[in-house]
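Reviewing the structure listed below.
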Amino acid sequence: MANIDTLQLSAWVPTGQVEQLVLTRYKMPTSAHEILAQWCREKTNRESDPITVVLQGLSEILATLVPDVAFMKHDYDRVERGKRLHLFFLGDRSGDEALRSKVQAAFSMWLGILYPNKPGDIRASIAASVADRANWVSFEVSTKLKEHPGACAVPEDGMLYDALTAHAARALAGKRITFRSGETKLLVLETAQASPYEGLELVAFPPKRDPNKPDCFWSEVITVSAATFPERPGIHILARPSIRNWGTISRWSTNSDPTRRMDVFIPGQMGDDDMAPCYQHSSFEFRPRQNKTKPERSIVADWNHKEDERVLDLVRRLSGSNKVDGGDVVSPVANDQGLWALPRLGNVHGDRYLPGGSGVGWFDRMDMANSLDGAFAEAGFQRVGALARLRRSLGVEKPFGDKGEHVDRRKALAKALARLGNPNNHLDLFVLHQLDGTPTAVVEEIIKFFGEPTGREGATLRWADEQLSISVISSSAGPLSLKLPKVEVTEDEKIGRTAAQISQVRRHKQDERNRTVEEAMTDHVRQVRGNGAAVACAILEMNAELKEDSWTDPYAMAKRELARHRILPQVVLVEAEQATDKYRMAVRDCVRMLGVVPTNDETLDYAPAAITVIQLNKEIVGGGRASHAFPLAARVRQGALECAVPTENGEPEWIPYAEAGLRILSGNYGKFGRSRDDETEQKYGAFFANVLEQIDSHGACAVIAEAETIAQKWPGLQNGKLIFDHLPVTNQTFTPSKLPNTRIIRVSPDPKKQPTHYHEGENKDVSGFFAWEGTERTFYALKVAPRSAKTVKGNSVISRHLTEDSNMRRDDAVRQLMQLDEICVVFCQPDDDFQSLALLTHRLRQVHAQFSDDTRKPFPLHELRLLGRSATL
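Position one of the sequence shown corresponds to residue 1 (full-length UniProt numbering), numbered consecutively onward.
Structure representation (C-alpha cells):
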C-alpha cells in the first residue's frame with residue numbers, strides 16, 4: 001500500500017470577512033457580589049475570611065433558560081479577592097430588554113433555590129441588578145495581531161481567542177454533517193458553563209441507539225477551540241471529533257473517581273433546514289452512589305450540588321416530561337416529550353463494552369471535516385493547508401527494543417548499579433507476593449529479558465561477563481497489601497461541630513489508626529530486608545479491589561514505606577483473570593526505576609536531557625489529600641541517568657535517577673507552591689536557570705521540555721511569549737552565546753492543542769515526520785502504533801455510518817489512531833540543523849527500558865514524568 005505523504009487537517013483560519021467581532025458582557029455588580037459573599041460566609045461559618053462566591057447551580061440554570069449565552073467566566077478579582085461572574089453574548093445585545101428579562105428570571109430562580117431562607121426583597125434586588133443597563137456593555141474585539149519578534153501569532157486583544165471560538169461554534173450550531181452513506185446529523189451546541197479555553201462542544205444529534213442494548217446510545221461530539229502554532233500566521237480554529245457514549249449506570253463511584261455528567265437536550269427553535277428542532281443542550285455533574293436503604297434501587301444519582309437536582313426538576317417541568325427524577329437519572333430518558341436526559345458512560349469511569357466504542361476513524365473524520373467547510377466559509381474561515389512528509393533517516397540504538405541484545409541490556413543495568421554504588425553490581429529484587437506462582441514467574445521474566453545466567457546459587461542469578469547478579473527474594477506481602485482501617489465519627493463527636501471540624505476529627509482519628517498500620521508495615525519490611533543498605537527493588541502484589549476506596553487503599557503508604565528502606569517498589573494488581581504480561585512489565589519497570597540508559601549515548605551527537613514540572617491535584621495516602629507541585633530535571637552523564645531534585649530551599653541537587661525515585665517516593669523533596677505569587681515564580685525560575693547552566697557545563701546536549709506542564713511556570717516557553725533563541729528566565733535571558741552547548745526542544749503532545757488529521761487513502765495507520773510548508777523549526781510527528789493497536793487497526797477504515805444492512809458495521813469497535821505531536825526547536829546554536837534535532841527527539845520516543853513500543857514522550861522526559869507520578873507526602 002502506498003505511503004501517505006500528506007495529512008489533511010481539521011483546522012481553519014479567519015479570512016478577511018472576520019474583520020470585527022462584537023461581544024456583550026454582563027458583570028455582576030459589586031453590591032450584589034458582596035451580599036452573596038456574606039451569605040456564603042454564613043453558610044460556611046467563615047465570618048471574617050475572604051471567600052469565593054458560591055455559584056453552584058447558576059451556570060446550569062442559565063444554560064437551560066438563556067441558551068443565548070456564548071460563554072461564562074468566573075474571573076478572579078484581585079481587589080475583592082474573589083471570583084466575579086461575567087456573562088458574554090455574541091453581537092450587541094446591550095439594549096436587548098428581552099434578553100435581560102430572561103437572565104433576570106434565571107437569577108431569581110437560582111437565588112430562590114440556593115438561598116430560599118434569605119429575605120425575598122434582597123434576593124429580588126440582586127436579580128434586579130441584571131435589569132440595570134449600567135451592568136451591561138457591548139464592545140468590539142479587535143481581530144488585529146501584534147507586530148512582534150515572537151514565533152507565534154499574538155492578538156492585540158486577548159479576548160480574541162474566546163470570541164473567535166464562540167463565533168465559530170455558533171456558526172456550526174444547527175448545521176448538518178453528512179456522511180458518505182448519506183446519513184446526516186444536526187449539530188447541537190452545548191451552552192457553555194465556563195470559559196471556552198478548553199473548547200465548546202457540539203453534539204451530532206440525535207444519538208444512535210445500540211440495537212443490542214436499547215438503553216445505550218452514542219454519537220459524535222465536535223469540540224471547537226482556538227490555538228496558535230509556531231511559525232504559522234493567525235489564530236487557528238480546531239474542530240476535534242470524538243465519540244460520546246450514554247447509557248444506564250451500572251457501577252457506583254467512590255470519592256476518588258471522576259465526576260460523571262448527564263447531558264440534557266430540550267427542543268428549541270428550528271434548525272437551518274426548518275425540518276428538525278434545534279435543541280438546547282446543557283449538562284449536570286453527579287456521582288452514582290450505592291443506595292443501601294432501597295435494595296430495589298441499588299444505584300442512585302448523588303448530585304455534586306443539591307441545587308443541581310432542583311435545577312433538573314425545573315428542566316422536567318419545562319419539558320413536560322414525567323420520567324426525569326433527580327435520583328433516577330442513572331438511566332437514560334430518550335425523547336420523552338422531546339426531552340433527552342442521558343447519563344454519560346466512559347472508560348475513565350470503568351465502564352466496559354461502550355455502545356459507540358472510542359475514537360473516530362479516517363473516513364468519518366474526512367466526512368465531518370468536509371461537512372464543516374461550508375459552515376466555516378459562511379462564517380469567514382478557510383481550511384489550512386496540509387502537512388507534508390519529510391523524508392530523512394536517523395537511527396538510534398535500542399537495546400531494550402524487541403531486537404535488542406541480552407548482553408547490551410546487562411551492560412546497561414550493570415552500569416546503572418555501579419553508578420548507585422551497589423557492591424559487585426548486585427541487585428536484590430524482593431517479590432512480596434499473594435499468589436504462590438509469582439516468584440517463579442518473576443525469575444522467568446528476568447531470564448527472558450537478560451538471557452540465561454552463567455551461574456545460579458539458590459535465589460541468585462549471575463552473569464559473569466558483566467559481573468552482574470540478581471537475587472530474587474520472596475516473601476508474603478503481609479500488611480503491605482492489607483486494607484487500611486476506616487474510622488467513623490460518632491454522633492456524639494459531631495455535636496456542636498461544623499462540617500469542616502467533623503472532617504478534622506475524622507482525619508485525626510484516621511491518622512492515629514494509620515500510624516499503627518505504618519508501624520506494622522515497617523516491621524514487615526525490616527524482617528524481609530534485614531540490614532541491607534544498597535538500592536533494591538520490590539514487586540508487590542495487591543488485590544485490585546483495594547483501589548476502589550481511597551480511604552482504605554494501602555497503595556501509597558506501602559510504596560512510601562518500601563522507599564524509606566531504599567527499596568524501589570513496583571505494584572502488581574491481582575485480579576480474577578491475571579494477565580500474563582504483568583510480571584514482564586513489572587520487571588522492566590524495575591529496570592527503568594534503577595536509572596538505566598536505554599540507548600548508547602556515546603553514539604548520539606547530543607546528550608539527552610529534560611525539564612518538567614510535576615503538579616499533583618490530589619495525592620492520597622491512607623485517605624489524606626493535598627495539592628503541591630515541584631520541578632524536576634534529568635540528564636545523561638557518562639552513561640548514567642541523573643535527576644535534579646529540588647531541596648527544601650528550591651536549589652537543584654543532582655543525584656542518580658534511582659536515588660531521586662526513593663527520595664520522591666519517601667516525600668523527601670522540596671515542594672513548591674502552586675500559586676502564581678512572585679516568590680513562587682522566582683523559585684521556579686531559579687531552578688530552571690540553575691539546571692540549564694549545569695546541564696550545559698557537561699557538553700553538547702538536547703534538553704526536552706513539555707509545553708503543557710512547564711510553560712505555566714516558565715512563561716518564555718508559552719506560545720504568546722516564545723522567541724526563538726531568546727529565552728527569559730526570571731531576571732536573566734539566555735541566548736546561544738550564554739549556553740553554547742545547549743539545544744532546547746519543546747514538545748506538545750496534548751491532543752487538545754493539536755489539530756486532528758486524516759489522509760486520503762485506504763491506509764489503516766500512518767506514522768512519520770511531517771511539517772507545514774514554509775516552517776523551519778516546527779514539526780509534527782506520528783509515533784508507530786503500539787502492538788496492542790494492531791488487532792484493531794482494521795476498524796480505522798470502517799465508518800460508523802454504513803447502511804443498516806451492511807455486514808461491516810462495527811459501531812462499538814475502538815478506532816485507535818495515533819495523534820499528532822508538535823516538536824519545535826526553540827533554542828539552538830547558529831549552525832545547527834533543525835530537522836536533525838527534531839528528528840532525534842522523535843526517535844527518542846522509541847528508547848525506553850520499560851517499553852518496546854514508542855511512547856508519547858521521548859526519553860528522558862517520559863522517565864521524569866513517571867518519577868513525578870510516584871510522589872507522596
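We treat Cβ as the ideally placed atom computed from N, Cα and C, and that holds for glycine. Nothing here was measured: the structure is a model prediction, and the numbers come from that model.
Could you give the distance in angstroms between the alpha-carbon of residue i and the alpha-carbon of residue j?
| i | j | result |
| --- | --- | --- |
| Ile447 | Gln510 | 43 angstroms |
| Gln615 | Thr454 | 45 angstroms |
| Glu285 | Leu568 | 39 angstroms |
| Thr603 | Ile695 | 19 angstroms |
| Asn531 | Gly670 | 28 angstroms |
| Leu111 | Arg123 | 6 angstroms |
| Ile664 | Arg809 | 49 angstroms |
| Ile473 | Glu519 | 22 angstroms |
| His628 | Trp136 | 39 angstroms |
| Arg84 | Leu58 | 13 angstroms |
| Ala70 | Ala711 | 28 angstroms |
| Asp765 | Lys790 | 9 angstroms |
| Ile243 | Asn212 | 18 angstroms |
| Leu468 | Leu417 | 9 angstroms |
| Val330 | Thr248 | 6 angstroms |
| Asn425 | Glu405 | 19 angstroms |
| Arg637 | Leu90 | 56 angstroms |
| Asp436 | Thr516 | 28 angstroms |
Excluding the five sequence neighbours on either side, which residues of its own chain have a C-beta within less than 6 angstroms of the C-beta of residue i, listed in chain order?
| i | result |
| --- | --- |
| Ser253 | Arg287 and Pro288 |
| Arg845 | Lys783, Asp854, Thr855 and Pro858 |
| Arg529 | His565 |
| Val729 | Gly685, Phe688 and Ala689 |
| Met368 | Ile177 and Pro241 |
| Ala534 | Asn422 |
| Leu420 | Val535, Pro656 and Ala658 |
| Asp273 | Residue confidence for Asp273 is low, a pLDDT of 45 falling below 50, so the modelled location carries little weight and cannot support an answer. |
| Cys157 | It is worth fixing the name first, because residue 157 is Asp in this sequence and not Cys. Taken in chain order, the residues that qualify are Val141 and Ser142. |
Under the three-state reduction of DSSP, which class applies to residue i: helix, strand or coil?
| i | result |
| --- | --- |
| residue 874 | In the structure displayed, the chain extends from 1 to 873; residue 874 sits before or after that span and is not available. |
| Glu651 | coil |
| Phe179 | coil |
| Asp272 | Only weak support is given to the placement of Asp272: the predicted model assigns it a pLDDT of 44, under 50, and the value that follows is read from those uncertain coordinates. Three-state result, Asp272: coil. |
| Arg584 | helix |
| Gln578 | coil |
| Lys118 | coil |
| Thr612 | strand |
| Gly16 | coil |
| Trp252 | coil |
| Val525 | helix |
| Cys40 | helix |
| Met593 | helix |
| Asp549 | coil |
| Phe851 | coil |
| Asp210 | strand |
| Gly478 | helix |
| Arg261 | strand |
| Thr680 | helix |
| Pro423 | helix |
For residue i, I'd like the list of residues in its chain whose CB is within less than 7 angstroms of its CB, leaving aside the five on either flank, ordered along the chain.
| i | result |
| --- | --- |
| Gly623 | The predicted position of Gly623 is uncertain, since its pLDDT is 48 and thus under 50; a value taken from the coordinates is nonetheless stated next. Same-chain partners within the cutoff: Gln510, Ser550 and Trp551. |
| Arg843 | Leu394 and Val396 |
| Ser475 | Phe430, Leu432 and Val528 |
Leaving aside the five residues before and after residue i along the sequence, list all residues of the same chain whose C-beta is less than 8 angstroms from its C-beta, in chain order.
| i | result |
| --- | --- |
| Ser481 | Leu432, Gln434, Leu540, Glu541, Met542, Asn543, Leu546, Pro554 and Ala558 |
| Val814 | Gly357, Ser358, Gly359, Val792 and Asn795 |
Hey, residue i and residue j are a contact pair by Cβ (cut 8 angstroms); roughly how many whole angstroms apart?
| i | j | result |
| --- | --- | --- |
| Ser799 | Gly361 | 6 angstroms |
| Asp750 | Glu708 | 5 angstroms |
| Pro230 | Thr778 | 4 angstroms |
| Val703 | Ala609 | 4 angstroms |
| Leu390 | Cys537 | Not a contact, Cβ separation roughly 41 angstroms. |
Which runs of the alpha helix (DSSP H), 4 residues or longer, sit entirely within the region 765-792? 787-790
Run through the region 345-400 for me and flag every whole alpha helix (DSSP H) of 4 or more residues, listed as ranges in chain order. Fully contained in the region 345-400 are the following alpha helix (DSSP H) runs of length 4 or more, in chain order: 362-378.
Extract the residue ranges of the alpha helix (DSSP H) inside the region 704-757, only unbroken runs of 4 or more that lie entirely within it. 707-710
Mind listing, in chain order, the continuous beta strand (DSSP E) runs of no fewer than 3 residues lying wholly within the region 126-208? Counting only runs of 3+ residues, the beta strand (DSSP E) found wholly inside the region 126-208 occupies 136-142, 176-178, 184-189 and 200-205, in chain order.
If we require 3 or more residues per run, which beta strand (DSSP E) segments fall completely within the region 815-843? 821-827
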